[in-house]
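**Q** Going by our numbering, the first residue of the sequence shown is number 2, and it counts up by one from there.
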Amino acid sequence: MGVAASPAVAVSAEDFPAQAPPEHVLDGAAVLSRASSQELERLLAGFSDERVDARLITVSRVDDDLNLQQLGETLLTRWQPAESGRDGSSEPLLLLLIDSQTRATAVVASSGLGGRLPAELLRSTADTTMALPLRSADRYRQASLDALTRLGAVLRGGEDPGEPAQEEAQALASNIPSREETRDSKAFTWVVVLLVVGTVVPMATWWVFSR
2 MGVAASPAVA VSAEDFPAQA PPEHVLDGAA VLSRASSQEL ERLLAGFSDE
52 RVDARLITVS RVDDDLNLQQ LGETLLTRWQ PAESGRDGSS EPLLLLLIDS
102 QTRATAVVAS SGLGGRLPAE LLRSTADTTM ALPLRSADRY RQASLDALTR
152 LGAVLRGGED PGEPAQEEAQ ALASNIPSRE ETRDSKAFTW VVVLLVVGTV
202 VPMATWWVFS R
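So this is what it looks like as structure tokens:
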């Protein structure tokens with residue numbers, strides 16, 4: 002059983018079960034549609050092919066004494082058996098976390114994954130791959146898919162696809178006219194007005210006096 006969705010209540014590690022729940026998507030913030038949850042559940046479950054237990058956790062608000070990274074690390078300690086990732090049968094944990102109130106993101110992994118998923122990759126995935134889709138809109142599904150695609154590629158032995166291009170952010174910025182563009186637009190408007198006045202007024206004057 003996952004953490005209950007409650008926008009008014011801050012979440013701490015104590016609000017989660019003592020052992021890792023069977024489901025891979027814990028949408029405590031209720032930000033994912035049913036179809037998105039099912040899609041992400043299948044994708045997360047597929048990480049078992051790489052001997053990784055991957056989970057996605059959304060919360061509506063983190064307790065004031067915690068940040069999202071600390072919450073993830075606490076859950077790693079609680080849910081991860083000590084022998085996992087070594088000679089034990091348990092798979093090392095990979096947790097992706099999203100705070101829907103602040104749009105904060107974090108990615109944490111068991112120490113047994115350190116050789117496959119470096120700390121810098123986890124930070125970059127949280128700070129860019131997940132954060133960018135949330136910066137301009139509530140694209141929780143896209144943020145999760147992009148992160149899992151990037152991490153999955155590395156776990157399968159491929160090259161890191163890298164941080165996402167910031168074309169979207171640039172496109173949004175380009176829709177806002179600059180000061181120079183605004184000034185040029187006003188100047189052009191005045192030119193048009195003067196041309197109209199210079200043409201219409203003489204014609205109107207000629208028409209009046211020619212009658």
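For glycine and all other residues, C-beta sits at the position ideal for the given N, C-alpha and C. Please read these numbers as outputs of a predicted model, since none were measured by experiment.
Using DSSP's beta-bridge definition, name the partner residues of aspartate 54.
**A** Position 53 of the sequence shown, counted from the first residue, corresponds to residue 54. Paired residues: Leu94.
**Q** Rounded to whole angstroms, what is the Cα-Cα separation between leucine 77 and arginine 104?
**A** Working through the sequence shown from its first residue, we reach residue 77 at position 76. Working through the sequence shown from its first residue, we reach residue 104 at position 103. Going by the C-alpha atoms only, they are around 21 Å apart.
**Q** Straight-line CA distance for leucine 33 to arginine 43?
**A** One-based indexing of the sequence shown puts residue 33 at position 32. One-based indexing of the sequence shown puts residue 43 at position 42. Near 14 Å, if we compare the C-alpha coordinates of arginine 43 and leucine 33.
**Q** With respect to the alpha helix (DSSP H) encompassing alanine 132, which residues constitute its N-terminal and C-terminal limits?
**A** Stepping through the sequence shown from its first residue, residue 132 is reached at position 131. Here the alpha helix (DSSP H) through alanine 132 covers 132-137.
**Q** Starting from leucine 45, trace the alpha helix (DSSP H) both ways and give me its first and last residue.
**A** Start at 1 with the first residue of the sequence shown, and residue 45 comes out as number 44. Where leucine 45 is concerned, the enclosing alpha helix (DSSP H) stretches over 35-46.
**Q** Going by the DSSP bridge assignment, what does alanine 107 pair with across the sheet?
**A** If you number the sequence shown from 1, residue 107 lands on position 106. Partner(s): Leu98.
**Q** Closest by CA to serine 125, which one among Gly116, Ser101, Asp161?
**A** Indexing the sequence shown from 1 puts residue 125 at position 124. Of Gly116, Ser101, Asp161, the residue nearest in Cα terms is Asp161.
**Q** Let me know if alanine 154 comes out buried or exposed under the rule of 16 or more other beta-carbons within 10 Å of its beta-carbon.
**A** Taking the sequence shown and counting its residues from 1, one reaches residue 154 at position 153. So alanine 154 counts as exposed.
**Q** Quick one: give me the first and last residue of the alpha helix (DSSP H) that leucine 123 is part of.
**A** Locating residue 123 in the sequence shown gives position 122, where the first residue counts as 1. 120-125 is the span of the alpha helix (DSSP H), which, as asked, contains leucine 123.
**Q** Whose CA, out of Thr150, Arg117, Leu98, lies closest to the CA of glycine 47?
**A** Here residue 47 refers to the residue found at position 46 of the sequence shown. Of Thr150, Arg117, Leu98, the residue nearest in Cα terms is Thr150.
**Q** From the DSSP output, in three-state form, read off leucine 67 for me.
**A** Mapped onto the sequence shown, residue 67 falls at position 66. Correct three-state label for leucine 67: coil.
**Q** Under a Cβ-count criterion, where at least 16 other Cβ atoms within 10 Å of its own Cβ denotes burial, should alanine 166 be classed as buried or exposed?
**A** If you number the sequence shown from 1, residue 166 lands on position 165. By the 10 Å Cβ count, alanine 166 comes out exposed.
**Q** Please state whether DSSP places aspartate 28 in a helix, a strand or coil.
**A** Position 27 of the sequence shown holds residue 28. Note: aspartate 28 maps to strand in three-state DSSP.
**Q** Quick check: what's the CA-CA separation for aspartate 100 versus tryptophan 80?
**A** Numbered from its first residue, the sequence shown carries residue 100 at position 99. Numbered from its first residue, the sequence shown carries residue 80 at position 79. Their Cα atoms are separated by approximately 20 Å.
**Q** Measuring CB to CB, does leucine 98 end up less than 9 Å from leucine 152?
**A** Stepping through the sequence shown from its first residue, residue 98 is reached at position 97. Stepping through the sequence shown from its first residue, residue 152 is reached at position 151. Not closer than 9 Å, so no.
**Q** Just the Cα atoms here: how many angstroms apart are glycine 159 and serine 91?
**A** Counted from its first residue, the sequence shown places residue 159 at position 158. Counted from its first residue, the sequence shown places residue 91 at position 90. Their Cα atoms are separated by approximately 24 Å.
**Q** Distance check for serine 137 and alanine 107, CA to CA, integer angstroms please.
**A** Here the question's residue 107 lines up with position 106 in the sequence shown. Here the question's residue 137 lines up with position 136 in the sequence shown. Spanning the two alpha carbons is a distance of roughly 18 Å.
**Q** Measuring alpha carbon to alpha carbon, tell me which of Val10, Leu27, Ser38, Ala30 ends up nearest glutamine 143.
**A** Here residue 143 refers to the residue found at position 142 when the sequence shown is read from its first residue. Comparing Cα-Cα distances from glutamine 143 to each of Val10, Leu27, Ser38, Ala30, the minimum goes to Ser38.
**Q** Do serine 145 and leucine 57 have their C-beta atoms closer together than 9 Å?
**A** Counting from one through the sequence shown, the residue named residue 145 turns up at place 144. Counting from one through the sequence shown, the residue named residue 57 turns up at place 56. Result yes, Cβ atoms of serine 145 and leucine 57 sit closer than 9 Å.
**Q** Which of the three DSSP states, helix, strand or coil, is assigned to valine 10?
**A** Here residue 10 is taken as the residue at index 9 of the sequence shown, counted from 1. Reduced to three states, the DSSP call for valine 10 is coil.
**Q** Please go through the same chain and pick out, in chain order, the residues whose beta-carbon is closer than 7 Å to the beta-carbon of threonine 130, but skip the five residues on each side of it.
**A** Here residue 130 corresponds to residue number 129 of the sequence shown, with the count starting at 1. If we look at threonine 130 and ignore the five residues flanking it on each side, its Cβ neighbours are Asp147, Ala148, Arg151, Glu164, Pro165.
**Q** May I have the straight-line CA-CA distance separating glycine 29 from leucine 72, to the nearest angstrom?
**A** Numbered from its first residue, the sequence shown carries residue 29 at position 28. Numbered from its first residue, the sequence shown carries residue 72 at position 71. Rounded to the nearest angstrom, the two C-alpha atoms are 14 Å apart.
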